[in-house]
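*Asks:*
Residue numbers (my numbering): 4 to 93.
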């Protein structure tokens, strides 16, 4: 069974941008506590939230890779076309 730590993924993307939880919350139009609770996996992260967050942080490729359990580093060349297609969908 595939399990994804969405909270950890959100936190990594946020930190990649150098944002505090407060900054991410402001940009996503939610409370800081919502970001905190998502990062701690205390509440579910809706797909819509994940898509908006990945667009805002320009991390669509990382999110897609995580959702499909793909190692972005070792698989980057063959996956370029897939990511191009997925960016069209997102």
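The C-beta atom is built at its ideal place from N, Cα and C for all residues, glycine as well. Everything numeric in this text was worked out from a predicted model, so none of it was measured.
(1) Is residue 25 near residue 35, with beta carbons less than 8 Å apart?
(2) The alpha helix (DSSP H) that contains residue 28, what's its start and end?
(3) Can you tell me whether DSSP reads residue 2 as helix, strand or coil?
(4) Starting from the Cα of residue 38, find the closest Cα among 51, 17 and 62 and give me that residue.
(5) Does the distance from the CB of residue 43 to the CB of residue 10 come in under 8 Å?
(6) Between the alpha carbons of residue 63 and residue 21, how many angstroms are there, rounded?
(7) Whole angstroms is fine: what's the gap from residue 23's alpha carbon to residue 52's?
*Replies:* Quick look at the numbers:
(1) Here the question's residue 25 lines up with position 22 in the chain shown. Here the question's residue 35 lines up with position 32 in the chain shown. For residue 25 and residue 35, yes; Cβs fall inside 8 Å.
(2) As a first step, residue 28 is located in the chain shown; it is residue number 25 there, counting from the start. Where residue 28 is concerned, the enclosing alpha helix (DSSP H) stretches over 24 to 31.
(3) There is simply no residue 2 to check, as the chain begins at 4 and stops at 93 in what is shown.
(4) The sequence position of residue 38 within the chain shown is 35, counting from 1. Of 51, 17 and 62, the residue nearest in Cα terms is 17.
(5) Walking along the chain shown from the start, residue 43 turns up at place 40. Walking along the chain shown from the start, residue 10 turns up at place 7. Closer than 8 Å, so yes.
(6) If you number the chain shown from 1, residue 63 lands on position 60. If you number the chain shown from 1, residue 21 lands on position 18. Rounded to the nearest angstrom, the two C-alpha atoms are 17 Å apart.
(7) The residue labelled residue 23 in the question sits at position 20 within the chain shown. The residue labelled residue 52 in the question sits at position 49 within the chain shown. About 17 Å.
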